[in-house]
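Peer 1: Oh and the sequence shown: position 39 is 179 in the numbering used here, straight run, nothing missing. If you scroll down you'll find the structure; I have some questions about it.
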Amino acid sequence: MGILSHENIVSFEGACIERKRDDESVFIIVSELMEKGSLKVLLKVNPLDLDQTLKYAIHIASAMVYMHQVDIIHRDLKCDNVLVNKDDVAKVADLGLAREIDVDSGMTSYAGTPKWEAPEVLDPKRGKKIYSKAVDVYSFGMVLYEMITGKEPFEDIHSMEELQWQVCEKNKRPKIP
141 MGILSHENIV SFEGACIERK RDDESVFIIV SELMEKGSLK VLLKVNPLDL DQTLKYAIHI
201 ASAMVYMHQV DIIHRDLKCD NVLVNKDDVA KVADLGLARE IDVDSGMTSY AGTPKWEAPE
261 VLDPKRGKKI YSKAVDVYSF GMVLYEMITG KEPFEDIHSM EELQWQVCEK NKRPKIP
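As structure tokens, this is what we get:
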């Protein structure tokens with residue numbers, strides 16, 4: 141996967157390895173400075189008004205469209221992975237789980253954060269997990285829900301088994317306010 145370049149994706153500036161005294165190493169990724177921090181933290185401080193919600197939604201959607209045009213699936217889109225700079229521009233970050241789409245073999249490894257994951261990824265009966273662009277679209281819906289309500293999706297569910305049963309078997313979705 142090459143380096144992505146888009147106004148709504150946090151830019152990668154470089155990387156280095158810091159060696160510790162005890163023979164351990166820490167891999168450090170350097171990215172552009174995002175002064176306002178994560179959208180998750182911003183939501184905890186103040187709810188977003190409608191204009192700000194729409195602005196950030198457009199920024200996130202623009203990044204997602206770009207990634208999908210170059211056949212990249214993020215696989216972990218959530219408010220924790222959206223950062224905001226001093227100019228109030230939202231940018232998608234944490235592409236560590238992102239993968240190129242391989243049409244022949246599909247992507248099968250589990251990734252992401254369960255409450256933001258699409259039902260086809262959560263469903264234990266499906267066995268082999270095949271990722272498509274649709275999983276990012278579903279996660280984007282969960283991000284929109286969180287921006288509008290200030291709450292995480294499915295905050296009343298506390299176990300993976302319960303989440304899988306509610307979402308996959310009962311077709312539960314967050315209530316649209």
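All C-beta atoms, glycine included, are put in the ideal place defined by N, C-alpha and C.
For LYS195, does the three-state DSSP call read helix, strand or coil?
Peer 2: Three-state result, LYS195: helix.
Peer 1: Between ILE157, LYS184 and ILE149, which has its C-alpha nearest GLU292's C-alpha?
Peer 2: It is LYS184 whose Cα lies nearest to the Cα of GLU292.
Peer 1: In the region 169-231, which residue ranges form an unbroken beta strand (DSSP E) of at least 3 residues, counting only runs that do not cross its ends?
Peer 2: Within the region 169-231, the complete beta strand (DSSP E) runs of at least 3 residues are 222-224.
Peer 1: Whether or not the region 226-237 and the region 169-185 are in contact is what I'm after, with contact meaning three or more pairs of Cβ atoms, one per stretch, closer than 8 Å; do they touch?
Peer 2: At 8 Å Cβ cutoff, the stretches touch.
Peer 1: I want to know whether the region 185-194 touches the region 146-160 - three or more CB-CB distances under 8 Å.
Peer 2: No contact exists between the region 185-194 and the region 146-160.
Peer 1: Go through its chain and collect everything with a Cβ distance to LYS273's Cβ below 7 Å, but skip five positions before and after it.
Peer 2: Excluding positions up to five away in sequence, the list reads HIS208 and ILE213.
Peer 1: Verify whether the separation of the beta carbon atoms of CYS219 and GLU286 is less than 7 Å.
Peer 2: Cβ atoms of CYS219 and GLU286: closer than 7 Å.
Peer 1: For PHE167, count neighbouring Cβ atoms within 10 angstroms of its own Cβ and tell me buried if that reaches 16, exposed if not.
Peer 2: Exposed: under 16 other Cβ atoms inside 10 Å.
Peer 1: For a test of the three-state rule: what should DSSP assign to ALA155, helix, strand or coil?
Peer 2: Three-state DSSP puts ALA155 in a strand.
Peer 1: Would you list the residues sitting across from VAL283 in a DSSP beta bridge?
Peer 2: Answer is none; VAL283 lacks a bridge partner.
Peer 1: Within its chain, find whatever has a CB closer than 6 Å to the CB of CYS308; leave out the 5 residues flanking it on each side and keep chain order.
Peer 2: Excluding sequence neighbours, CYS308 sits near PRO259, LEU262 and ASP263.
Peer 1: Quick check on the burial criterion: 16 or more other C-beta atoms within 10 angstroms. Buried or exposed for MET300?
Peer 2: Per the 10 Å Cβ criterion, exposed.
Peer 1: What's the gap between the Cα of CYS156 and the Cα of LEU217?
Peer 2: Looking at the two C-alpha atoms, the distance is approximately 25 Å.
Peer 1: Check the C-beta distance from VAL170 over to GLU153 and give it rounded, since I have them as a contact under 8 Å.
Peer 2: With a Cβ gap of about 4 Å, VAL170 and GLU153 count as contacting.
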